[in-house]
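Peer 1: Numbers 23 to 174, taken from my numbering, label the letters of the sequence shown in order. Where a beta carbon is used, it is the ideal one built from N, C-alpha and C, also for glycine. Quick one: the structure is below, and I'll ask about it shortly.
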Amino acid sequence: MTTDALLKTLAAETTAIRAFSALLLEEQQALVSGTLDALPELTERKTHAVTELAALGRERDARLEALGYRPDEVGATAAAAAHTGIDAAWKALLDAAIEAKRANETNGVLIRTRLTYTQQALNVLYGPQQNVPLYGPDGRTAPRSSGGSITA
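Encoded structure:
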């Protein structure tokens, strides 16, 4: 087997990671702008992208093994050291993966921030007595009582 098959797989994997990064940026924009109704569809597209990335990773490992290298990062690094073309493709893949990781970490921070804000808003709405909401289902303030009347 030649290195051509591995080069094609690395290129396809790099393209797929960049497409995944683009989805993460879309997700980031939705989180920042508050267009949360876009998130379910984005999540579905991300799930398909992750499935594709996993398949391409398995294919890369099989190609490495067919060339006599370990089917992992160590093997890819060894193949890159032995072949200039593979070196450039491997570096491009790693760069794309770093970009995707950063975007994913940013989205994680945005999601945690949004969850914290939502929890704080719920705490305000439920007030000091966590089991008694400040507002009822009709949007009106719920009467709060300490059990006694101030007029009695």
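Using a threshold of 8 Å, state whether the C-beta atoms of leucine 28 and leucine 86 are closer than that.
Peer 2: Result yes, Cβ atoms of leucine 28 and leucine 86 sit closer than 8 Å.
Peer 1: Out of curiosity, what's the CA-to-CA distance linking alanine 174 and arginine 162?
Peer 2: Per-residue confidence for alanine 174 stands at a pLDDT of 47, beneath the threshold of 50, marking its modelled position as unreliable; the derived number appears in the next sentence. Straight-line Cα distance between these residues: approximately 26 Å.
Peer 1: I'd like the ranges of any alpha helix (DSSP H) spanning at least 4 consecutive residues and lying wholly in the stretch 40-91.
Peer 2: For the stretch 40-91, whole alpha helix (DSSP H) runs of length 4 or above, ordered along the chain, are 61-88.
Peer 1: With a 10 Å radius around its C-beta and 16 neighbouring C-beta atoms as the bar for buried, classify serine 171 as buried or exposed.
Peer 2: Residue placement at serine 171 is flagged as unreliable, the pLDDT there being 48, under the threshold of 50; a coordinate-derived value is accordingly withheld.
Peer 1: Hey, could you find the ends of the alpha helix (DSSP H) arginine 124 is sitting in?
Peer 2: Note, arginine 124: alpha helix (DSSP H), 106-148.
Peer 1: Rounded to whole angstroms, how far is the Cβ of alanine 38 from the Cβ of leucine 78, which I believe are closer than 8 Å?
Peer 2: Contact holds; Cβ gap of about 6 Å.
Peer 1: So, with DSSP's three-state summary, where would you put threonine 37?
Peer 2: Threonine 37: helix per DSSP, three-state reduction.
Peer 1: Put aspartate 94 into one of helix, strand or coil per three-state DSSP.
Peer 2: Coil.
Peer 1: Using a Cβ-Cβ cut-off of 8 Å (strictly less than) and excluding sequence neighbours within five positions of asparagine 129, which residues of its own chain qualify?
Peer 2: Result list for asparagine 129: Leu46, Glu49, Gln50, Leu53, in chain order.
Peer 1: Under the rule that 16 or more other beta-carbon atoms within 10 Å means buried, what is alanine 118, buried or exposed?
Peer 2: Buried, by the Cβ-count rule.
Peer 1: Have a look at proline 62 and arginine 136 and give me their C-alpha separation to the nearest angstrom.
Peer 2: Straight-line Cα distance between these residues: approximately 16 Å.
Peer 1: Is it buried or exposed for arginine 82, if we count other Cβ within 10 angstroms and need 16 for buried?
Peer 2: Arginine 82 is buried by the Cβ-count criterion.
Peer 1: Taking all protein chains shown into account, do 16 or more other C-beta atoms lie within 10 angstroms of the C-beta of isoleucine 120, making it buried, or fewer, making it exposed?
Peer 2: Label assigned to isoleucine 120: exposed.
Peer 1: At the 8 Å Cβ level, is alanine 103 part of the contact set with chain C, yes or no?
Peer 2: This model lacks chain C altogether, as it is built from one protein chain only.
Peer 1: Return yes when at least one heavy atom of the ligand SAM lies under 7 Å from the C-beta of threonine 24, else no.
Peer 2: No copy of the ligand SAM appears in this structure; indeed no ligand is present at all.
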